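Visitor: In UniProt numbering, the protein residues as written are 1 to 334. Backbone N, C-alpha and C fix where the C-beta goes; we use that ideal spot for every residue, glycine too. All values derive from a computational prediction rather than experimental measurement. Quick one: structure below, then a few questions.
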C-alpha cells in the first residue's frame, strides 16, 4: 500500500520552527527590548544605555533575537541598529507567531523610566541634527544637493499635491521642516493658510526671507516641533514633510503627530530617501538615518491610523532613490 502524507505533517515542521521564537522571547529583558522597538530603531549602545547593561551582554541578546526572526539589523553609517522585521507574511505560521508576540507585548505600556530614557536618546539625536544645521545654515542648499537637487523631488511632490488639490478644498496646510522655504510657494497656492514649522532658528530666518521675496502673505513661520502645534490645538488638512524624516530623531513619531494634527480626510505627503549605504551623508549632510524602506513608512502610517495612497519612486544618477508617498486620514476620524 502506498503511504500517504497526513495533513498534520507540514504543521509538524512548522511547530519545530516555532521553538526558537518562543525560546528567544522567553526572557523579560528581551520582551522589554521588543517593546521599545515598537516604533523606534536603536543601536547596540543606545539599547545598552536604555537597559543599563554592558554592550557585550546586549549584543548577545540581540544576536539570539535576530537569529529567531524577532529582530533584523539595519546599518546606519558605521553603526548597526536594530528594528522589528519589516516583512511578515500573514500566511506563514512562523511570521504569524512573531506578529502575535509583538501584539502581546504592545498591550503593556512602557514604564515611565524607560520612556524618559528613550526621550533622552531622542533629544541627543535632535541636538546632533540641530547643531549640524546651525553650523551649515548658509550652505544648506549645497549640502542637500550633494544628495539630490531640490527640483528632483519638489516638482513630483508639487504635482501630486496640485492633482489632489483639484478635488479637495484644503484650507490649512503644514510644512514640517521647510528649510529655506523653497516649497512654501506651492503650499501657499493650494491652502488658504499655511504654517511652516522648524526647530532651527537659522533655517526659519532663511525661510522668512523667501516668504518676503515671494510675497507669500498666508504663511506663519513657527520655531518648534510638532509637540508645539499639538499643544496649541492646531489642525490641518494637508501636512507635508520634504526630505525631513532622515534628519529627525524618531521618524515614526512624525506619522503619529501628523495624524493627530490632521483633520478627518486630511492628507500627509512625505518625500524622502529610500534605504541606502552611502555613509558619507551622516557627516556631510547631517543625516541621522540612511533612508527608509518603503515598508517602514507604510507600517508607521498604519500604526498612526493612516492609509496609503499613491507612491512614486525617483531614481537618481548618484545611486540614491527618493520615494514620494501619500497617506490619508479617514474622513470620519477626528
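1. Go ahead and pull the three-state DSSP assignment for residue 227.
2. If you draw a straight line from the C-alpha of residue 300 to the C-alpha of residue 216, how long is it?
3. So residue 321 is in the beta strand (DSSP E); what residue range does that whole segment cover?
4. Report the CB separation of residue 199 from residue 173 in whole angstroms; it is logged as a contact under 8 Å.
5. Any chance you could list the beta strand (DSSP E) runs of at least 3 consecutive residues sitting entirely within the stretch 215 to 273, in chain order?
6. I need the straight-line Cα distance from residue 62 to residue 296, nearest angstrom please.
7. Measure the Cβ-Cβ separation of residue 50 and residue 117 and say whether it is below 8 Å.
8. Provide the residue span of the alpha helix (DSSP H) that contains residue 59, from first to last.
9. Going by DSSP, name the residue or residues bridged to residue 198.
10. For residue 302, which of 151, 259 and 17 has the nearest alpha-carbon?
11. For residue 178, is the classification buried or exposed, using 16 other Cβ atoms within 10 angstroms of its Cβ as the cut-off for buried?
12. If you draw a straight line from the C-alpha of residue 21 to the C-alpha of residue 115, how long is it?
13. Within 10 angstroms of its Cβ, does residue 264 collect 16 or more other Cβ (buried), or is it exposed?
14. Using the beta-carbon count (16 or more within 10 Å), is residue 166 buried or exposed?
15. Assuming residue 249 and residue 122 form a contact by the criterion Cβ under 8 Å, report the distance between their Cβ atoms to the nearest whole angstrom.
16. For residue 172, name the three-state secondary structure that DSSP assigns.
17. In the DSSP output, what is residue 74 paired with across the bridge?
18. Beta carbon of residue 203, beta carbon of residue 180: below 8 Å?
19. Can you grab the Cα-Cα spacing for the pair residue 182 / residue 110, in whole Å?
20. Specify whether the stretch 72 to 80 and the stretch 97 to 106 touch according to this definition: at least 3 beta carbon pairs, one from each stretch, less than 8 Å apart.
21. Taking 8 Å as the threshold, find out whether the stretch 205 to 219 comes into contact with the stretch 151 to 164 through three or more Cβ pairs.
22. Three-state secondary structure (DSSP) at residue 113?
23. Below 6 Å CB to CB, which residues in the same chain sit around residue 314 once its five sequence neighbours on both sides are set aside?
24. Measuring CA to CA, which of 278, 157 and 212 is closest to residue 240?
Guide: The answer reads as follows:
1. Start at 1 with the first residue of the chain shown, and residue 227 comes out as number 227. Reduced to three states, the DSSP call for residue 227 is helix.
2. Your numbering for residue 300 matches position 300 in the chain shown. Your numbering for residue 216 matches position 216 in the chain shown. Those two C-alpha atoms are separated by around 33 Å.
3. Position 321 of the chain shown, counted from the first residue, corresponds to residue 321. Counting along the chain, the beta strand (DSSP E) containing residue 321 begins and ends at 321 to 329.
4. On the chain shown, residue 199 is found 199 positions in, with the first residue counted as 1. On the chain shown, residue 173 is found 173 positions in, with the first residue counted as 1. Going by Cβ atoms, the distance from residue 199 to residue 173 rounds to 19 Å, so no, they are not a contact pair.
5. 219 to 223, 236 to 242 and 262 to 273
6. Translated into positions along the chain shown, residue 62 becomes position 62. Translated into positions along the chain shown, residue 296 becomes position 296. For residue 62 and residue 296, the distance between alpha carbons rounds to 20 Å.
7. Looking up residue 50 in the chain shown gives position 50. Looking up residue 117 in the chain shown gives position 117. For residue 50 and residue 117, yes; Cβs fall inside 8 Å.
8. Sequence index remark: in the chain shown, residue 59 carries index 59 (1-based). That run of the alpha helix (DSSP H) goes 55 to 67.
9. Residue mapping note: residue 198 aligns to position 198 of the chain shown, counting from 1. In the DSSP output, where bridge partners are listed per residue, residue 198 has 223.
10. Counted from its first residue, the chain shown places residue 302 at position 302. Per the Cα distances, 259.
11. Position 178 of the chain shown, counted from the first residue, corresponds to residue 178. Per the 10 Å Cβ criterion, buried.
12. On the chain shown, residue 21 is found 21 positions in, with the first residue counted as 1. On the chain shown, residue 115 is found 115 positions in, with the first residue counted as 1. The straight-line gap from Cα to Cα measures roughly 26 Å.
13. Residue mapping note: residue 264 aligns to position 264 of the chain shown, counting from 1. The residue is exposed, with fewer than 16 neighbouring Cβ atoms inside 10 Å.
14. For the purposes of this step, residue 166 is identified with residue 166 of the chain shown, where counting begins at 1. The residue in question, residue 166, is exposed, as its Cβ has fewer than 16 Cβ neighbours within 10 Å.
15. Translated into positions along the chain shown, residue 249 becomes position 249. Translated into positions along the chain shown, residue 122 becomes position 122. Indeed, because the Cβ distance is near 4 Å, the residues count as touching under 8 Å.
16. The residue given as residue 172 occupies position 172 in the chain shown. Residue 172: strand per DSSP, three-state reduction.
17. Taking the chain shown and counting its residues from 1, the one referred to as residue 74 is at position 74. Note: residue 74 sits in a beta bridge opposite 81.
18. The residue given as residue 203 occupies position 203 in the chain shown. The residue given as residue 180 occupies position 180 in the chain shown. Yes, Cβ-Cβ distance for residue 203 and residue 180 is below 8 Å.
19. Taking the chain shown and counting its residues from 1, one reaches residue 182 at position 182. Taking the chain shown and counting its residues from 1, one reaches residue 110 at position 110. Near 40 Å, if we compare the C-alpha coordinates of residue 110 and residue 182.
20. no
21. no
22. Mapped onto the chain shown, residue 113 falls at position 113. Secondary structure at residue 113: helix, using DSSP grouped into helix, strand and coil.
23. Along the chain shown, one-based indexing puts residue 314 at 314. These residues qualify, in order along the chain: 322.
24. On the chain shown, residue 240 is found 240 positions in, with the first residue counted as 1. Taking the Cα of residue 240 as reference, the smallest distance to any Cα among 278, 157 and 212 is reached at 157.
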